[in-house]
Structures are given as C-alpha cells and as structure tokens.
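S.K.: Submitted below is the structure of interest, expressed as structure tokens.
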Amino acid sequence: MPHIKVKCYKGRTPEQLQEIAQKIADAATEAFGAKPGTVSVSIEPVDKEDWKAVYDNEIYGEKEHLLVEPQYKM
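In this text, residue positions in the sequence shown follow the working numbering: the first is 142, and each later residue adds one.
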C-alpha cells in the first residue's frame with residue numbers, strides 16, 4: 142500500500158524511469174507515513190500520438206479521481 146501508476150511519453154532511458162519511480166516512491170512513503178518498501182510504482186511509456194487517449198480517458202475521463210489538473214488542453 143499504495144501502488145502508483147505513471148504514464149509518460151516514450152523516450153526516457155531505463156535509468157531515468159528508475160530514478161523518477163524511486164523519487165515518487167520516496168515521496169509517497171513520507172506523505173502516507175508508510176513503512177519503507179511498501180510503496181510500489183509502475184511506469185507506462187506512451188507514444189506521443191497516443192497521449193490524447195490518455196488525456197480523454199484517464200485524466201478527464203476519471204475526473205473524480207483527478208487531484209492535480211494539467212495546465213494544458215487537448
């Protein structure tokens with residue numbers, strides 16, 4: 142507890158993805174007051190041309206769960 146899923150554009154190196162995943166896990170561990178090692182993070186790289194589907198279906202399609210809105214429109 143908890144699990145965090147991130148979607149981003151493709152093109153980052155495995156090292157970059159690992160670094161951001163660890164930073165997210167560390168921040169969530171602190172914010173939730175969780176025990177170290179109990180936060181999991183997955184990252185799904187998405188093609189740039191497929192981002193509109195993420196925006197429509199997962200960002201604004203699940204707006205009831207959206208806590209930080211993007212500062213861009215599609």
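C-beta: ideal position from N, C-alpha, C; glycine also.
1) Rounded to the nearest angstrom, what separates Arg153 and Ser183 at their Cα positions?
2) Skipping 5 residues on each side, what residues in its chain have a beta carbon closer than 6 Å to that of Asp191?
3) Out of Lys193, Lys148, Gln163, which has the shortest C-alpha to C-alpha gap to Leu177?
4) Quick check on this structure: which residue in Ala194, Ile165, Thr170, Thr179 has the alpha carbon closest to the alpha carbon of Tyr150?
5) To the nearest angstrom, report how far apart Asp167 and Ile145 are at their CA atoms.
M.R.: Let me lay it out:
1) Looking up residue 153 in the sequence shown gives position 12. Looking up residue 183 in the sequence shown gives position 42. Rounded to whole angstroms, the separation of the alpha carbons of Ser183 and Arg153 is 14 Å.
2) On the sequence shown, position 50 is the one that residue 191 refers to. Nothing meets the Cβ criterion.
3) Residue numbering aside, residue 177 sits at position 36 when the sequence shown is read from its first letter. According to the sequence as given, residue 177 is Pro; it is not Leu. Nearest to Pro177 by C-alpha distance, out of Lys193, Lys148, Gln163, is Gln163.
4) Looking up residue 150 in the sequence shown gives position 9. Looking only at Ala194, Ile165, Thr170, Thr179, the smallest Cα-Cα distance to Tyr150 is reached by Ala194.
5) As a working mapping, residue 167 is identified with position 26 in the sequence shown. As a working mapping, residue 145 is identified with position 4 in the sequence shown. One C-alpha to the other measures close to 12 Å.
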